[in-house]
Amino acid sequence: MINSGVTTAKEAGLALCHDCHKLVPATGKSALGTCPRCGAAIHLRKPNSLNRSWALVLAALILYFPANFLPIMLVDFMGSPDLSTIMDGIIYFFQEGSYGIGAVILTASILVPCFKIICLILILLSIHFRWRSWLRHKTILFRIIEFIGRWSMLDIFVIALLHVLVNFEGLTTITAAPAAPYFVGVVLCTMFAAITFDPRLLWDA
Amino acid sequence: MNSEAPTTTPAVADIDINQVIACPDCDLLLEKIPVATGEKLCCPRCGETLREPKTDSINRTLALALTGLLLFPFAIFMPIMTLNTMGLENSGNIFDEVIMTWDTGYRFIALIVALTTIIFPLIKLLLLFLISLSLKFKRYHNSLRLLMRSYIHLDEWGMLEVFMIGILVTIIKMHHMATIQYDVGLFCFIGLLAAALGSSLMMDKDEFWKLIENGERRNQRHRGAEAEGTKFCSNTDFLEQVAKK
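Taken in sequence, the protein lines are chains A and B.
Note that numbering that gives the first Met the number 0 numbers the first sequence so that position 158 is 157, with each residue one more than the last.
Note that numbering that gives the first Met the number 0 numbers the second sequence so that position 164 is 163, with each residue one more than the last.
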């Protein structure tokens, strides 16, 4: 079977169900109906994968700037409000000597979104220009992007927690600031970009 | 004694659809081989894990999902911790966190936090519980496949483990400025996280899909037998015997 000359399911005229991974015979180009096992729509590849991923990655790239340059947290200490961006928070931790926690936040909030956007753009470009090298590594890179996607929500959860825990009326209160929705936007866009992207397109190119 | 690999390319029609599997990440077509529990089948071309059978998958998923469901209300509504500074005391739970964020006007943030830490984890646990319960008692309802698909799509949107790291960061952030007292909610949340992670890990999707597929086929045969006026036993093996007579 392995030596049969047919290497992919697509060449053998088979489509893999996106949801339950059952192989289904695929005769036409489109409109393959639904999976007999789970009822999901069958496609040889995820529909409009490249266009959707490009759109979502570019949206994430645009949102990345307000997310990082606008203040994300408002600390009100005895009536004097103090706005801080993500970077201010990280610098604060490094100055305090909490290098570990500073590194965690730096990774989750700045490096991970940046890494995801750059790598997705690289992968998408490599499909457009049919760069057929490092295919295995690019697939592994994509799996890393899929895995780390959700961890960027960390900063948002911390702010929400601080908001409810540090709520001493008249002394200190902490609330979210304008960058927070943009930041969530970046995370959601990159997560959806990874969901709509079909890594098999790398191998088809 | 001829051990040379065949050089002729067999026609596409020669491939038996039940004897092959395909890699979801690179579409490589592979021969279906049995994988024992504790073993892992990886794609030789891109390294994706194709099969990873779990021991006693249904029972363990069921037990852990039930544990998670029992801990859920306590993890969400009991206070996580109490901060104490300059004679002032304040505690909070996850539900209040969402409500307070909503009230400050950041409704999008509140909605996303509510979905990823309360609603999706709860739905995931309910789905796992219902699916494994039906499989355990061999009740193959038509909606089972819809439940499975919902679970697969919701999987990465439950973010309890990210929230746990968020709690740790908060503790490290606040321990200079206030005395922190850990409350019941925190321990329930850790338990919930362990149960939720465990139940997702223990679930063997391939096995579950196979059981659902076979179960639905059996249901169809039952209906067929009923239409012919034959009596049948709910036990599969016995049904075959009865049906053959």
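Backbone N, C-alpha and C fix where the C-beta goes; we use that ideal spot for every residue, glycine too.
Item	Value
Assuming Lys9 of chain A contacts Leu43 of chain A (C-beta within less than 8 angstroms), just tell me the rounded distance between them.	6 angstroms
Closer than 7 angstroms by beta-carbon distance: list the chain A residues that pair up with Thr115 of chain B, in chain order.	Met152
Please classify Trp208 of chain B as buried or exposed, where buried requires at least 16 other C-beta atoms within 10 Å of its C-beta.	buried
Closer than 7 angstroms, CB to CB, is Met158 of chain B near chain A or not?	yes
In chain B, which residues lie with their C-beta within 7 angstroms of the C-beta of Lys208 of chain A?	Here chain A covers residues 0 to 204 and nothing more, so residue 208 of chain A does not appear.
Rounded to whole angstroms, what's the CA-CA distance from Pro24 of chain A to Asp18 of chain A? Just pull it up for me.	16 angstroms
Have a look at B:Thr36, B:Leu61, B:Lys31 and flag the residue whose alpha-carbon is nearest the alpha-carbon of Ala194 of chain B.	B:Leu61
Report yes or no: do three or more beta-carbon pairs, one from the region 106–115 of chain B and one from the region 174–187 of chain A, lie closer than 8 angstroms?	yes
For Ser199 of chain B, which residues of its own chain have a beta-carbon under 8 angstroms away from its beta-carbon, when the five flanking residues on both sides are left out?	Lys123, Leu127, Asp154
Strictly below 7 angstroms CB to CB, what residues from chain A border Leu82 of chain B?	Leu164, Val165
Would you kindly check if the distance between the Cβ of Ser52 of chain A and the Cβ of Pro112 of chain A is under 7 angstroms?	no
For Asp55 of chain B, count the other beta carbons within 10 Å of its own beta carbon; 16 or more makes it buried, fewer makes it exposed. Which is it?	exposed
Suppose the cutoff is 7 angstroms on Cβ atoms and the five residues either side in sequence are ignored; what does the same chain contact list for Glu160 of chain B look like?	Leu192, Leu196
Say whether chain B places a C-beta atom closer than 7 angstroms to the C-beta of Ile143 of chain A.	no
Assuming Leu29 of chain B and Ile16 of chain B form a contact by the criterion Cβ under 8 angstroms, report the distance between their Cβ atoms to the nearest whole angstrom.	Actually they are not in contact, since the Cβ atoms of Leu29 of chain B and Ile16 of chain B sit about 13 angstroms apart, beyond 8 angstroms.
Kindly list the residues whose CB is nearer than 7 angstroms to the CB of Asn83 of chain B, restricted to its own chain and excluding five residues on each side of it in sequence; keep chain order.	Ala177, Thr178, Gln180
Going by Cα to Cα distance, which pick from A:Gly78, A:Gly148, A:Leu82 is closest to Ile71 of chain A?	A:Leu82
Under the DSSP definition of a beta bridge, which residues are partnered with Ala175 of chain A?	A:Met72
By the 10 Å Cβ neighbour count, where 16 or more other Cβ atoms means buried, how is Asn50 of chain A classified, buried or exposed?	exposed
Going straight from the alpha carbon of Pro78 of chain B to that of Phe64 of chain A, what length do you get?	36 angstroms
What residues from chain B crowd round Gly38 of chain A, counting only those whose CB sits closer than 9 angstroms?	Arg144, Leu145, Arg148
Should Pro80 of chain A be labelled buried (16 or more other beta-carbon atoms within 10 Å of its own) or exposed?	exposed
Flag Ile32 of chain B as yes if its beta-carbon sits less than 7 angstroms from any beta-carbon of chain A, otherwise no.	no
Anything in chain A within Cβ reach of Asp95 of chain B, meaning under 9 angstroms, just list it in chain order.	Val163
Are Cys45 of chain B and Asp24 of chain B close, meaning C-beta to C-beta below 7 angstroms?	yes
Could you list which residues in chain A have their beta carbon closer than 8 angstroms to that of Asn89 of chain B, in chain order?	Leu164, Val165, Asn166, Phe167
State buried or exposed for Tyr98 of chain A, treating a residue as buried only when at least 16 other CB atoms are found within 10 Å of its CB.	exposed
Given that Tyr181 of chain B touches chain A, what residues does it touch there, using C-beta distances under 7 angstroms?	Within 7 angstroms Cβ-Cβ: nothing; Tyr181 of chain B doesn't reach chain A, min ~12 angstroms.
Check the C-beta distance from Phe119 of chain B over to Gly157 of chain B and give it rounded, since I have them as a contact under 8 angstroms.	4 angstroms
With a cut-off of 7 angstroms, does the C-beta of Cys41 of chain B fall near any C-beta of chain A?	no
Taking only beta-carbon atoms, is Phe292 of chain A less than 7 angstroms away from chain B?	Limits of chain A in this structure are 0 at one end and 204 at the other, which puts residue 292 of chain A out of reach.
Please report the distance separating the alpha-carbon of Ser132 of chain A from that of Cys118 of chain A.	15 angstroms
Met163 of chain B by DSSP, collapsed to three states: which one?	helix
State the DSSP-derived secondary structure class of Ala10 of chain B, mapped to helix, strand or coil.	Residue placement at Ala10 of chain B cannot be trusted, given a pLDDT of 49 that sits under 50; what the coordinates show is reported in the next sentence. In the structure shown, Ala10 of chain B sits in coil (DSSP, three-state: anything other than H, G, I, E or B).
For the candidate residues A:Ile100, A:Gly78, A:Ile144, whose alpha-carbon lies nearest to that of Ile173 of chain A?	A:Gly78
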